[in-house]
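Here the structure comes first, spelled out in structure tokens, and everything after it is commentary.
What follows is the structure, encoded as structure tokens:
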């Protein structure tokens, strides 16, 4: 299994539990940041203007029950 992307570890439970449901939760997001810089002339400070731009976008956000206490899928 590969867990490095989000630095997560597998879930290990060492005692008895009563589980009522198992859900699959998936989220897809993106974040971007960039700068625009205008240069000054010789002998002046290097940058005249620096503009920062950023954006965040959500692509999907799902919560799907894989197993419920009744054993049936509940949408």
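In the working numbering, the protein residues as written are 13 to 87.
Where a beta carbon is used, it is the ideal one built from N, C-alpha and C, also for glycine.
According to DSSP, simplified to helix, strand and coil, what is residue i?
{"i": "residue 60", "result": "strand"}
{"i": "residue 39", "result": "strand"}
{"i": "residue 67", "result": "strand"}
{"i": "residue 24", "result": "coil"}
{"i": "residue 77", "result": "strand"}
{"i": "residue 31", "result": "coil"}
Given a cut-off of 8 Å, decide if residue j and residue i are closer than it, judged by their beta-carbon atoms.
{"i": "residue 62", "j": "residue 47", "result": "yes"}
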